[in-house]
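Q: For the sequence shown, this note's numbering begins at 173 and goes up steadily by one. Here a beta-carbon is modelled for each residue, glycine too, at the ideal position from N, C-alpha and C.
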Amino acid sequence: MPVAMARHILVKTEAEAAQLKQRITAGEAFDVLARKYSTCPSKKRGGDLGEVRPGQMVRAVDQIIFKKPLKVVHGPVKTQFGWHLVQVFYRD
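1. Cα separation between ALA176 and SER214?
2. In the DSSP assignment, what are the bridge partners of GLU188?
3. Return the Cβ separation of ALA232 and VAL249 in integer angstroms, given the expectation that the two are a contact with Cβ distance under 8 Å.
4. Quick one, which of GLY219, ARG217, ASP234 and GLY218 has its alpha-carbon nearest ARG306's?
5. Give the secondary structure of GLN194 by DSSP, where H, G and I count as helix, E and B as strand, and everything else as coil.
6. Going by CA-CA distance only, name the one from ARG263, HIS256 and ASP264 that's closest to ALA190.
7. Identify whether LEU205 lies in helix, strand or coil by the three-state DSSP scheme.
Structure below.
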C-alpha cells in the first residue's frame with residue numbers, strides 16, 4: 173500500500189488560507205505559520221501529518237497527497253473541517 177509524508181495548515185476561511193499561501197510563497201516558513209495559525213492538533217508539529225496511507229485523510233486532502241506534485245503548497249482546498257494548505261514531501 174502506498175505511503176506518503178505530508179504537512180498541512182487548517183484554517184476557517186478561504187481568505188485566511190489564501191493569505192497564508194501568499195506568505196509561504198514569499199518565503200515565510202510553512203511550519204512556523206502552521207504553529208501560529210492552524211486549528212489542527214498537528215500544529216504542534218508544524219503541521220506535520222507524518223506518514224499517511226490512502227483513505228486515512230478526508231477525500232480532498234487524500235487526493236492531493238497521493239495525486240498532486242511533490243514539494244508544492246496545494247490549496248486552499250475545502251473540507252468539512254475548514255480550508256487546507258497541503259504540502260507533500262514524498263510518496264512511495
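A: Looking at the coordinates:
1. Approximately 16 Å, taken between the alpha carbons.
2. Partner(s): none; GLU188 has no beta bridge.
3. Cβ atoms of ALA232 and VAL249 come within 8 Å of each other, at about 5 Å.
4. The first residue shown for the chain is 173 and the last is 264, placing residue 306 beyond what the model contains.
5. DSSP places GLN194 in helix when its eight states are reduced to three.
6. Of ARG263, HIS256 and ASP264, the residue nearest in Cα terms is HIS256.
7. If DSSP states are grouped into helix, strand and coil, LEU205 belongs with the helices.
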